[in-house]
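Here the protein sequences come in this chain order: R and Z.
Taking our numbering, the leading residue of the first sequence gets 1, the next gets one more, and so forth.
Taking our numbering, the leading residue of the second sequence gets 1001, the next gets one more, and so forth.
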Amino acid sequence: MSDNGNRTLPGLGMVKGLGVTLSAMFKTLFLPGKYLATVNYPKVKEVPVPRARGVIALDQEACTVCMLCARNCPDWCIYIEGHKEEIPPEKPGGRVKVRAKLDRFDIDYALCMYCGICVEVCPFDALFWSPEYEYSEVHMGEMMHDMDRLQDWMATVPEQPALEK
Amino acid sequence: MPSWIVDLFSNFWVSLGGKLLLVALMIPLVGMAIGFAEMKLSAKMQYRIGPYFAGGRWGWAQLIADGVKFFQKEDIIPEEADRPVFKAAPILVLVGTVALLVVIPFGPSLIFRDLDVGVFYALAISSLSTIGILMAGWSSANKYSLIGGLRAAGQLIAYELPLVLAVVGSVILAGTMSLQGIVEAQIEAGYPYLIFQAVGFAIFMIATLAELTRIPFDMPIAESELVMGYLTEYSGFRFLFFFLAEFANMFTMSAIAASLFLGGYWLPGIPQDVLEFAGPVILLGKVFLLVFAMIWFRWTFPRFREDQLQTLAWKWLVPLALVNIAVTATLKVVL
């Protein structure tokens, strides 16, 4: 006999287990408000926590087309195209400034695995997590969000929570 | 009852048609009711809501929606499959379930056919579905299916024995093998056989769980190892047949257990003429108590390992059932 110190009646654990499921059933039946772990989804919506990884938003102004996100994406689900724009000098005789301009920034959410590496790797804080999650589509092709749609997600990005102590 | 109704139903073909219709309705209705109860109860046991969308309130139409969905699906038969056997297997499983209904007494005169060897017939016909499962596993041309089918065969053979032996106690007490006779003997004695056959009842219920290949005895369809066992290659309405057969089998086996050990359609203190009408309701009440216990066990216990499964059957249940028979027989002769 194995000596683990606290042997009880054989089968007692099974009876305890039955008690757990039965009490769970009565609790959820009679006090759903207190014990229910899930919600009646399309009618009632859960509020995700601020740091939930729902969807990735893009701040077009901050993006410099450096391609770091696209190169670090494990799924290769980010498509970026851009060109250089020359900005005329402010004063006559001044230097011509060069600025990168985004032509295309698509994230294919059908491929994305929500690892967040693109958000972490972005040196200019152009990518953000938003807790929004309701963007399922009937056709898979529509899971490709273009830069305007990604810009729209910016409105749903919550205030950065304060650092934890 | 007006005489023309009696005349109508004494016609062999009319009564046969009526009975067939009743059975044809009962299997899906009972199957859906139990399936829905399982969905809802399992949800409550896990602090979930369960189905709530289909049908508006409580999701009552969920199982109907599921049934319609199954009918829309493509009927896939694997290229390598043994086609006639593959097609026949689900039908055979369902036939085994339907045939069990024949001997279940729903009331003093409400029984499809009171066979003298009712219990024997019930146990014999319930092993028909074993053959169906083995056929399904063999003909699918899939290793998961084959292993599942063979596991099912090994398990069902192991638990057939305690199932039969557990029943013998009640048969000895009643002195008859007719299910109607056993229920009547309990009415005459004035107590359900559960009182003296508690061991037999426990063995019968454990063996029934194993026969139905339900958790904790679901080795044949162990999802984490065998995908879905012998059901792997089935889709559409053939899968629905297996599905219905499982739930309807829960009903029929529980009804047999209720008749053997819990007094069937009888409750103490209810006169015989009321039983004619109240009988089916009382039996249904007892059946749903047993079905609830099955669902409860399913959502509480983890799966047995194959060797534990066989150990339980051969080292514990069979000897216990034999002792139960010996003690019952001795007491029957002595007292």
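Using N, Cα and C, we set each Cβ at its ideal position, and we do this for glycine too.
In this text the structure is predicted, and so the values were computed from the model without any measurement.
Rounded separation between residue i and residue j - CA only
{"i": "Trp1060 of chain Z", "j": "Pro1051 of chain Z", "result": "8 angstroms"}
{"i": "Gly1018 of chain Z", "j": "Asn1011 of chain Z", "result": "11 angstroms"}
{"i": "Met140 of chain R", "j": "Met113 of chain R", "result": "15 angstroms"}
{"i": "Lys1359 of chain Z", "j": "Ile1195 of chain Z", "result": "Past the boundaries of the shown model lies residue 1359 of chain Z; chain Z is included only from 1001 to 1335, so the question cannot be answered."}
{"i": "Thr1130 of chain Z", "j": "Trp1296 of chain Z", "result": "24 angstroms"}
{"i": "Cys63 of chain R", "j": "Leu36 of chain R", "result": "44 angstroms"}
{"i": "Lys91 of chain R", "j": "Lys97 of chain R", "result": "12 angstroms"}
{"i": "Arg95 of chain R", "j": "Pro89 of chain R", "result": "5 angstroms"}
{"i": "Met144 of chain R", "j": "Lys43 of chain R", "result": "27 angstroms"}
{"i": "Ile1064 of chain Z", "j": "Phe1071 of chain Z", "result": "11 angstroms"}
{"i": "Glu137 of chain R", "j": "Arg1057 of chain Z", "result": "27 angstroms"}
{"i": "Gly1107 of chain Z", "j": "Leu1179 of chain Z", "result": "11 angstroms"}
{"i": "Ile1133 of chain Z", "j": "Tyr1265 of chain Z", "result": "32 angstroms"}
{"i": "Leu1100 of chain Z", "j": "Leu1146 of chain Z", "result": "27 angstroms"}
{"i": "Ala985 of chain Z", "j": "Lys1040 of chain Z", "result": "Nothing in the structure corresponds to residue 985 of chain Z, since chain Z is present only between 1001 and 1335."}
{"i": "Ser1313 of chain Z", "j": "Arg1298 of chain Z", "result": "The question names Ser, but residue 1313 of chain Z in the sequence shown is Ala. Answer to the nearest angstrom: the Cα atoms are 18 angstroms apart."}
{"i": "Met1 of chain R", "j": "Thr8 of chain R", "result": "Note that Met1 of chain R scores 46 on pLDDT, short of 50, meaning its location in the model is unreliable; the coordinates nonetheless yield the value given after this. Rounded to whole angstroms, Met1 of chain R to Thr8 of chain R spans 13 angstroms at the Cα level."}
{"i": "Arg1238 of chain Z", "j": "Tyr1230 of chain Z", "result": "12 angstroms"}
{"i": "Pro10 of chain R", "j": "Lys16 of chain R", "result": "12 angstroms"}
{"i": "Glu1306 of chain Z", "j": "Gly1175 of chain Z", "result": "37 angstroms"}
{"i": "Glu1184 of chain Z", "j": "Leu1262 of chain Z", "result": "12 angstroms"}
{"i": "Asp59 of chain R", "j": "Met154 of chain R", "result": "7 angstroms"}
{"i": "Val49 of chain R", "j": "Arg1048 of chain Z", "result": "20 angstroms"}
{"i": "Tyr1159 of chain Z", "j": "Pro131 of chain R", "result": "52 angstroms"}
{"i": "Phe124 of chain R", "j": "Ala70 of chain R", "result": "14 angstroms"}
{"i": "Glu142 of chain R", "j": "Glu1074 of chain Z", "result": "27 angstroms"}
{"i": "Lys1315 of chain Z", "j": "Val1334 of chain Z", "result": "29 angstroms"}
{"i": "Glu1097 of chain Z", "j": "Ser1259 of chain Z", "result": "According to the sequence displayed, residue 1097 of chain Z carries Thr and not Glu. Distance between the alpha carbons of Thr1097 of chain Z and Ser1259 of chain Z: 17 angstroms."}
{"i": "Lys84 of chain R", "j": "Leu102 of chain R", "result": "9 angstroms"}
{"i": "Thr1240 of chain Z", "j": "Glu134 of chain R", "result": "According to the sequence as given, residue 1240 of chain Z is Leu; it is not Thr. Computed Cα separation, rounded: 33 angstroms."}
Backbone secondary structure at residue i - three-state DSSP
{"i": "Asp125 of chain R", "result": "coil"}
{"i": "Leu102 of chain R", "result": "strand"}
{"i": "Gly1031 of chain Z", "result": "helix"}
{"i": "Ile1282 of chain Z", "result": "helix"}
{"i": "Tyr135 of chain R", "result": "coil"}
{"i": "Ile1206 of chain Z", "result": "helix"}
{"i": "Met1219 of chain Z", "result": "helix"}
{"i": "Tyr79 of chain R", "result": "strand"}
{"i": "Leu1244 of chain Z", "result": "helix"}
{"i": "Met1 of chain R", "result": "Only weak support exists for where Met1 of chain R lies, its pLDDT of 46 falling under 50; the coordinates are left without a value."}
{"i": "Ile1295 of chain Z", "result": "helix"}
{"i": "Ser1254 of chain Z", "result": "helix"}
{"i": "Leu150 of chain R", "result": "helix"}
{"i": "Lys91 of chain R", "result": "coil"}
{"i": "Ser130 of chain R", "result": "strand"}
{"i": "Ile107 of chain R", "result": "strand"}
{"i": "Lys84 of chain R", "result": "strand"}
{"i": "Ala162 of chain R", "result": "coil"}
{"i": "Leu58 of chain R", "result": "strand"}
{"i": "Met144 of chain R", "result": "strand"}
{"i": "Lys97 of chain R", "result": "strand"}
{"i": "Val1164 of chain Z", "result": "helix"}
{"i": "Cys66 of chain R", "result": "coil"}
Cβ-based burial, residue i [other Cβ within 10 Å; buried from 16]
{"i": "Asn40 of chain R", "result": "exposed"}
{"i": "Thr1330 of chain Z", "result": "exposed"}
{"i": "Pro1220 of chain Z", "result": "buried"}
{"i": "Glu118 of chain R", "result": "It should be noted that the sequence gives Cys, not Glu, for residue 118 of chain R. Per the 10 Å Cβ criterion, buried."}
{"i": "Ala167 of chain R", "result": "Missing from the structure shown is residue 167 of chain R; chain R here goes from 1 to 165 and no further."}
{"i": "Pro1271 of chain Z", "result": "exposed"}
{"i": "Gln160 of chain R", "result": "exposed"}
{"i": "Ala1326 of chain Z", "result": "exposed"}
{"i": "Val1170 of chain Z", "result": "Reading off the sequence, residue 1170 of chain Z comes out as Ser, not Val. Its Cβ being crowded by 16 or more others within 10 Å, Ser1170 of chain Z is buried."}
{"i": "Asp1218 of chain Z", "result": "buried"}
{"i": "Trp129 of chain R", "result": "buried"}
{"i": "Phe1304 of chain Z", "result": "buried"}
Neighbour flag for residue i against chain A, beta carbons, 7 angstroms
{"i": "Met1045 of chain Z", "result": "Of the protein chains in the structure, R and Z, none is chain A."}
Report the residues of the segment 1049-1067 of chain Z with a CB closer than 7 angstroms to any CB of chain R, ordered along the chain. Ile1049, Tyr1052
Could you name the residues of the segment 1019-1042 of chain Z whose beta carbon sits closer than 7 angstroms to any beta carbon of chain R, in the order they occur along the chain? Leu1041
Listed from N- to C-terminal order along the chain, which residues in the segment 1262-1281 of chain Z have their beta-carbon within a distance smaller than 8 angstroms of any beta-carbon of chain R? none
Closer than 9 angstroms, Cβ to Cβ, to anything on chain R: give me those residues from the segment 1286-1297 of chain Z, in chain order. Trp1296, Phe1297
Are the segment 1135-1142 of chain Z and the segment 1084-1103 of chain Z in contact at 8 angstroms, needing three or more beta carbon pairs? yes
When you compare the segment 1198-1214 of chain Z with the segment 1112-1119 of chain Z, are there three or more beta-carbon pairs, one atom per stretch, that lie closer than 8 angstroms? no
Going along the segment 57-88 of chain R in order, which residues come within less than 8 angstroms of chain Z, judged by CB to CB distance? none
Measuring CB atoms only, is the segment 102-110 of chain R touching the segment 145-154 of chain R, in the sense that at least three cross pairs come out at less than 8 angstroms? yes
Would you check if there are 3 or more beta carbon pairs closer than 8 angstroms linking the segment 1168-1182 of chain Z to the segment 1114-1127 of chain Z? yes
Three CB pairs or more closer than 8 angstroms across the segment 1200-1211 of chain Z and the segment 1249-1264 of chain Z: yes
The segment 23-34 of chain R touching the segment 71-91 of chain R, judged by at least three CB pairs closer than 8 angstroms: no
Output, in sequence order along the chain, the residues in the segment 151-162 of chain R whose CB is closer than 8 angstroms to any CB in chain Z. none
Chain Z contacts made by the segment 34-60 of chain R, where a contact means CB separation under 7 angstroms: Tyr35, Leu36, Ala37, Thr38, Asn40
Relative to chain R, which residues along the segment 1294-1324 of chain Z have a C-beta separation below 7 angstroms, given in chain order? Trp1296, Trp1299, Thr1300, Phe1301
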